[in-house]
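Chains as they are written, first to last, in the numbering used here: chain A, 1 to 336; chain B, 1001 to 1431; chain C, 2001 to 2235. Where a beta carbon is used, it is the ideal one built from N, C-alpha and C, also for glycine. Since the model is a prediction, treat every value here as computed from it, not as a measurement.
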Amino acid sequence: MDILNALVLFANFVFVPATAYGAQLALGALGVTLIYGILRFANFAHGELMAFGAMAVILCTWTLQDMGINLGPLPTALLALPVGIFVAAIMALLTDRYVFRFYRLKKSDPIVFSIASVGVMFVMAGLIRVIIGPDDQSFADGARFIITAREFREMTGLREGLAIRQTQVITIVVALLVMALLFWFLQKTRSGKAMRAYSDNEDLALLSGIDPDRVVRIAWIITAVLATIAGTLYGLDKTYKPFIFQQILLPIFASAILGGVGQPVGAILGGFLVAYSEVTLTYAYKKFLAYLGPEGWVPDSLMQFLSTDYKFAVSFIILVAVLLVRPTGIIRGKVI
Amino acid sequence: MNRRGPLYFGVFLLLLLSVGFGQSWNVALGILNLCLISAIMSLGVNIQWGYAGLFNVGVMGFTALGGLAAVLISMPPVKEAWSAGGAGIGLSLLGLLITVLVVVFVRRKTPKVFRFWATLLVILVGMILIRLVYTPAVERIEAINPAFSGYLGGLNLPITLSWVAGGLIAAGAGWLIGRITLGLRADYLAIATLGISEIILAVMKYEEWLTRGVKNVTGLPRPVPYEVDLMASEGFVSLAGGLGAEVDTAASIVVKLCYAALFVFVLATILWLSERALKSPWGRMMRAIRDNRDAASAMGKDVKARHLQVFVLGCAVCGIAGAMLTTLDGQLTPTSYIPMRFTFLIWVMVIIGGSGNNWGAVLGGFVIWFLWIEAEPLGNWFMQTITLFMQDGYWLKDHLIAGAAYTRLILMGAILLLVMRFAPRGLIPER
Amino acid sequence: MSFLDASGMTGGYGSGADIIRDCTITVERGEIAVVVGPNGAGKSTAMKAVFGMLNLREGTVMLDGREITHLPPQERVNLGMGLVPQVRNIFVTMTVQENLEMGAFIRNDDFGDTMAQVFELFPVLKEKRHQPAGELSGGQRQQVAVGRALMTQPKLLMLDEPTAGVSPIVMDELFDRILEVARSGIAILMVEQNARQALEIADRGFVLVNGENRYTDSGRALLANPEVRRSFLGG
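Right under this line is the structure:
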């Protein structure tokens, strides 16, 4: 019984939240890795693109809420997603047309692209703060929980409860759906294959008659889709605050590099690995161990490897370990 | 400097004078002091980017380390805290060192298959052992008079010493991170430095025994006189009266001028050294490596070691600037460090000024900081203008005016993008 | 006029010095033409010039009677030119079949027949069609590369040192396959380091020195020419 209690405790505070967080990171890392694979630079504006897309979703959600349109138990934000994606895609295409295309034609160094992305980051950050403001915004509606801790306890008779929030389930389901679609697109469609070919060998792709502008356009659109969904899910699950999307950039980059830059499968793997390490290393195991130990025994300390204040350190340590041990990442990625 | 260089500096001076005459001399000198510090940061980044093409996105972290040095050097030590937890902290640091040594040893001696797991095990065991000493020590320190101290304090030395110490600490951190990430690809360095700066900041925010964390350390000693002392001195009051100025305004202007003099001295020294270095054979070699890494390494240059040198130097300069900034503020506020302001804005300065040109970096620091400050009234004016036709109290009008402060982000981004596109060599190009 | 008639080509990369001078290369349908010469003679450059990857200052390139001197490479692919680069000539992360599909990217019709023909020509590729091309051996990679270029159903196939870095046995086999391709009516232009073997299967040979035509004759005649033998074929 106590082992069960310990497992439920672990699931409630580590496994479920980390899975949802991992799905959000994975979606973010997919966007970063895609731009890396196709345009070959580290896009520092990706966090802002996430914030921008999510902002559009929030504005649309508010409008829908005012009009009394909703999805019943599901969050209205899901209905607003297409609008957000559309707005983010327009933004991404505009930045490509007026910023990155110039350097692409000049065949500039990847670092120049990255510095340009810093400029884009500034502009987008400013726009977001002017439009929606720098503060927390709430836009989640619909049912809060699929199952509450109390219901779970009553159902199972355990002392520990497992609360599953609706946003967590939605995050995971939507993320899996998006990933499945992305892989179907990359593996099975002509355009998807063209993108992989371009990422693999640009010159040969040109020789094969693949239109580079089209590939780049599609890459930005997919990135906008991924970023908007990731940003919205993160906002639904936790909170929407523009500043957070600058902080989340580090774990996202860590995920992409850990998985192997330019490798979609790697980005997903990396996202979940980073999320699980972050949460397991910063969780306090005091109660968990108390269940497993002898009756009546409770560890003195919190039994926490790292204080939650240092969750970014986990991403960083993973990043450094990967750089030292296997710079190409789990799945051999590009080394430019 | 090219022929237009002095012209730009002249224009900047005019702008500053116009602020002095138009707004107030206090504001103008306040801007000038931060311009000087910005210029030093910008020089530090220029040493890395302009001389060697290294993309450091962790400027904030190295600046913050400088701020930490200001506290550690200048604040009086908290004796009770030392006796309560000093030994514990010392032991923990020793434990950390031993763990690192054991990791290095274990990685050398174990077969490759077990290496990863052995390392992990050593780190976990080391961490658990250290925490046994560390946590109680920290608790004891933080329990002592938490409202006023709750930390170890510093060495009670003159705060100007911390400018050197800040440089050294930042250089040490730079050396560590450089050892790991230099020699890998350029964008990995960027992401790694982004990471280290976040960690440095996390330490400063949450290790209260060291920095008081979010409770901030206030009342740092000053290298210049206090306004109240000036106002209390009869000589000063009569001098101010003779000049026909208000005593309190005069006092604060004099204090700012003292700071400015110190900062100008530091900036001039660093600039002079940087220029010497750039023109020396070492500087020529650095640029050769930057322009053609493969050729330089084929000629037997140890590219990685050179990059490490230049990276450490740049970090040190950022650390010095960080210590100066905290000195000027008179307090350490870890939450005030945000990447936009302390990393990316510095990058805008370097790119606008002219990468690879020290005078350019200085000019970039001046101009961009000036714009960063003056963009606020500019943004307000802009928003007021475009909402003129709207009725007072209309939600969009209020909303837009509330957002005016953030137009400066858009302005900075736009300046960066436009300069990169249409004048990629900056205001004062490299020769 | 020949099927491919590139005459008097003079030019270099960007605004640099001329690498080829007054260089002429011609190929007929169903023929194999080989460009040989010492290192740095501008062999690959001449081929790139034919494909439009070079700024020509002088000279014209005609394909099937149509002037294409100023067309970009992509449009030359549409007109029936296929190029197999010397290095990085396959998509290493994609399967063999996907490599061939990418070769047929510009085609909107059903290319199943062409793929079947490629598999017939290189049976080993059919066997490994679901394997990533990067996992294949050097010779098999070259087959993928040639197969990819054939997928556009080119009228002129250009090969840049197809046998570089493969073993002699594999080289013989590759040359056999290239002969087969030529027999199906495709014109083949090939740059080769292994001059003797290449000239043996060549209908026409061009010996380039310092970017200029030195000898032009049938492959057999060049092999028999004592001067060519002495200077370029090692006796």
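The distance from the Cβ of B/A1296 to that of B/I1289 is about 4 Å, consistent with a contact at the 8 Å cut-off.
DSSP, reduced to helix, strand and coil, places C/L2208 within a strand of the structure shown.
In the structure shown, B/L1152 adopts coil according to DSSP, grouped into three states.
Per DSSP, C/M2081 is one residue of the beta strand (DSSP E) stretching across M2081 to V2084.
In this structure C/M2158 is buried. Its beta-carbon is surrounded by 16 or more other beta-carbon atoms within 10 angstroms. Within the DSSP secondary-structure output, A/I164 pairs in a beta bridge with A/I147. For C/G2012, the beta-bridge partners assigned by DSSP are C/N2055. With a minimum length of 4 residues, the unbroken runs of alpha helix (DSSP H) contained wholly in the stretch 1067 to 1118 of chain B fall at 1087 to 1109. DSSP, reduced to helix, strand and coil, places B/P1225 outside both helices and strands of the structure shown, so it counts as coil. Of the residues B/F1311, B/G1426, B/Q1384 and B/M1041, the one whose Cα lies closest to the Cα of B/R1179 is B/F1311.
Residue environment analysis places B/Q1023 among the exposed positions, since fewer than 16 neighbouring C-beta atoms fall within 10 angstroms of its C-beta.
Of all C-beta pairs linking the stretch 1138 to 1157 of chain B to the stretch 1267 to 1286 of chain B, fewer than three are shorter than 8 Å, placing the two stretches out of contact.
Residues L1034, C1035 and S1038 of the same chain have their beta carbon placed closer than 6 Å to that of B/W1369, with the five preceding and five following residues left out of the count. Any Cβ of chain B closer than 7 Å to the Cβ of A/D309 would place that residue at the interface, and such an atom is present. Put simply, the backbone Cα of C/E2127 is about 24 Å away from that of A/G192. For A/G209, the nearest CB of chain C lies under 7 Å from its own CB, placing it at the interface with that chain. Under the 8 Å Cβ criterion, the stretch 88 to 95 of chain A counts as touching the stretch 213 to 222 of chain A, having at least three qualifying pairs. Under DSSP, A/Q304 takes part in a beta bridge, and its partners are A/A284.
Relative to the Cα of B/G1322, the nearest Cα in the group B/Y1337, B/Q1309 and B/L1308 belongs to B/Y1337. Distance from the CA of B/I1253 to the CA of B/E1227, rounded to the nearest whole angstrom, comes to 9 Å.
DSSP links C/C2023 through a beta bridge to C/M2009. Beta-carbon to beta-carbon, B/G1095 and B/G1314 are separated by about 32 Å, too far to satisfy the 8 Å threshold. At least one CB of chain B lies nearer than 7 Å to the CB of A/V130. With contacts defined by Cβ atoms closer than 7 Å, A/C60 and A/A29 do not form a contacting pair.
Under DSSP, C/Y2215 forms a beta bridge with C/V2207.
For A/V57, the uninterrupted alpha helix (DSSP H) segment begins and ends at H46 to M67. Within the stretch 2086 to 2099 of chain C, contact with chain A at the beta-carbon level (separation under 8 Å) is assigned to R2088, N2089, I2090, F2091, V2092, T2093, M2094 and E2098.
For A/Q137, the three-state secondary structure derived from DSSP is strand. A Cβ-Cβ contact shorter than 7 Å links A/L236 with A/T167. Cα atoms of A/L249 and B/K1256: separation of roughly 38 Å, rounded to the nearest angstrom.
A/K107 is outside the set of residues whose beta carbon lies under 7 Å from a beta carbon in chain C. Contact annotation: the stretch 48 to 65 of chain A touches the stretch 238 to 254 of chain A, with at least three C-beta pairs closer than 8 Å. A residue is called buried when at least 16 other Cβ atoms come within 10 angstroms of its Cβ; A/T189 does not meet this threshold and is exposed. By the Cβ rule, the stretch 2028 to 2044 of chain C counts as touching the stretch 2195 to 2204 of chain C, because three or more pairs are nearer than 8 Å. Under the 10 Å beta carbon count, B/T1385 is surrounded by fewer than 16 other beta carbons and is classified as exposed. Under the Cβ criterion (8 Å, minimum of three pairs), the stretch 1323 to 1335 of chain B counts as touching the stretch 1161 to 1171 of chain B.
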